[in-house]
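Numbering (the numbering used here), first residue to last: 456 to 770.
Don't be surprised by glycine CBs; every beta carbon is placed ideally from N, CA and C.
All remarks here apply to the structure that follows.
In structure tokens:
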């Protein structure tokens, strides 16, 4: 009974700490820009935009917890959104959902297989694949902006986006908490060699991690194109900027994993990031300042959440 109470207190403490952090940043920007920031309507808008990245953060969690990374997230968002919009023109919501999520699954499977077969770092593999997916998105769209019909934008605002995001959050929680996939991801991330000696097929679960990641990115693509109403293909690694906001949410999940609250931490963490970004917009800060803040926040979160053992080579 005492152990259960300690776990409950730990979860409560972790969530409370995150909420206090959100209130802290809201208070700072509200004081600095009382007229342009932090009204109930604007806070609701911040939440609407942050849940898109929260879904991506949940997917990212499956590979980051194993010590892997994927630079092709942004390219997948663009390609899956374009495929979803194209299929929606013929099959409506079924085309949008099936097209985007199927494209995400296929990309995840390709990334996982190539990573396992080539035996080179995941960052290198996914940088190359990012360029491939960007090109595919450009050819698929003919270089033109793809717009989602106004009759198919249910997932661009409440309650549609909330319902789809909630399904993604509950699925993440279930996989991590109640399946061996979640258990093995943690085991591989803790010590890959021990995991192999335990009989875990490490490559299989790394591939599955990539598949899960990009399935959730497919859902993120649906939310993104529904929220923004259109998607334009980019080339020359321009899609890379879409990688880092969901990644920061993932690091919140890693930081608060010790409290047993990775999924709520990713959701609230992305909301905090949205508050900070929109706070600088309210202050009229240029994009360069926002990029500096993004980079500084990412480095800070990584520094606080990463604790390599003494003598271990940092990869």
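When we look at the beta-carbon of residue 467 and count the other beta-carbons within 10 Å, is it buried (16 or more) or exposed? With fewer than 16 other Cβ atoms within 10 Å, it is exposed.
Is it a yes or a no for the region 581–593 touching the region 523–533, going by three-plus beta-carbon pairs under 8 Å? They touch, by the three-pair rule.
Distance, residue 582 Cα to residue 575 Cα: Answer to the nearest angstrom: the Cα atoms are 12 Å apart.
Only counting the same chain, and skipping five residues up and downstream in sequence, which positions put a Cβ closer than 7 Å to that of residue 770? With a pLDDT of only 41 at residue 770, under the threshold of 50, the placement of this residue in the model should not be trusted; the figure read from the coordinates follows. Within the same chain, residue 770 has no close Cβ partners at all.
Go ahead and pull the three-state DSSP assignment for residue 601. Here residue 601 sits in strand by DSSP.
Distance CB(residue 695)-CB(residue 526) smaller than 8 Å: Using a Cβ distance threshold of 8 Å, residue 695 and residue 526 count as a contacting pair.
Could you spell out the range, first to last residue, of the alpha helix (DSSP H) harbouring residue 664? Here the alpha helix (DSSP H) through residue 664 covers 657–683.
Under 8 Å between C-beta atoms of residue 513 and residue 748: No, the Cβ-Cβ distance between residue 513 and residue 748 is not below 8 Å.
Quick check on residue 653: does DSSP put it in helix, strand or coil? Three-state result, residue 653: coil.
Which stretch, first to last residue, makes up the alpha helix (DSSP H) that contains residue 575? It is not in any alpha helix (DSSP H) - residue 575 carries neither H nor E in the DSSP assignment.
Give the single residue among 713, 739, 571, 516 whose Cα lies nearest to the Cα of residue 470. Of the listed residues, the one whose Cα sits closest to residue 470 is 713.
Taking the beta carbon of residue 535 as the centre, do at least 16 other beta carbons fall within 10 Å, making it buried, or is it exposed? Per the 10 Å Cβ criterion, buried.
Excluding the 5 residues flanking residue 554 on each side, which residues of the same chain have their C-beta closer than 6 Å to its C-beta? Excluding sequence neighbours, residue 554 sits near 538, 539, 542.
Those residues which DSSP pairs with residue 686 across a bridge: Residue 686 is bridged by DSSP to 601.
How far does the alpha helix (DSSP H) with residue 514 in it extend, from its first residue to its last? Residue range 495–519 is occupied by the alpha helix (DSSP H) that includes residue 514.
Continuous alpha helix (DSSP H) assignments of at least 4 residues falling wholly in the region 519–545: Qualifying alpha helix (DSSP H) stretches: none in this window.
Three-way DSSP call (helix, strand, coil) for residue 485 in this model: Note: residue 485 maps to helix in three-state DSSP.
Just reading off the alpha helix (DSSP H) that residue 738 is part of, what are its end residues? Neither: residue 738 is in no alpha helix (DSSP H) and is coded neither H nor E.
Nearest-angstrom Cβ-Cβ length linking residue 498 and residue 643, presumed shorter than 8 Å: Their Cβ separation, rounded to whole angstroms, is 38 Å, which puts residue 498 and residue 643 out of contact at 8 Å.
For residue 585, which residues of its own chain have a beta-carbon under 8 Å away from its beta-carbon, when the five flanking residues on both sides are left out? Within the same chain, Cβ atoms closer than 8 Å to the Cβ of residue 585 are found at 526, 527, 529, 530, 692, 694, 695, the five residues on either side in sequence being excluded.
Alpha carbons only, please: which of 493, 552, 556, 544 is nearest the one belonging to residue 825? Since the first residue of the chain shown is 456 and the last is 770, residue 825 is not available in this structure.
Taking three-plus beta-carbon pairs below 8 Å as touching, is the region 724–731 in contact with the region 700–711? Output reads yes: the region 700–711 touches the region 724–731.
What residue from 505, 488, 680 has the CA that sits closest to residue 605's CA? The shortest Cα separation from residue 605 among 505, 488, 680 belongs to 680.
Does at least one heavy atom of the ligand MG sit under 7 Å from the Cβ of residue 687? Ligands displayed in this structure: none; no statement on the ligand MG is therefore possible.
Under the rule that 16 or more other beta-carbon atoms within 10 Å means buried, what is residue 705, buried or exposed? Looking at its Cβ environment, which holds 16 or more other Cβ atoms inside 10 Å, residue 705 is buried.
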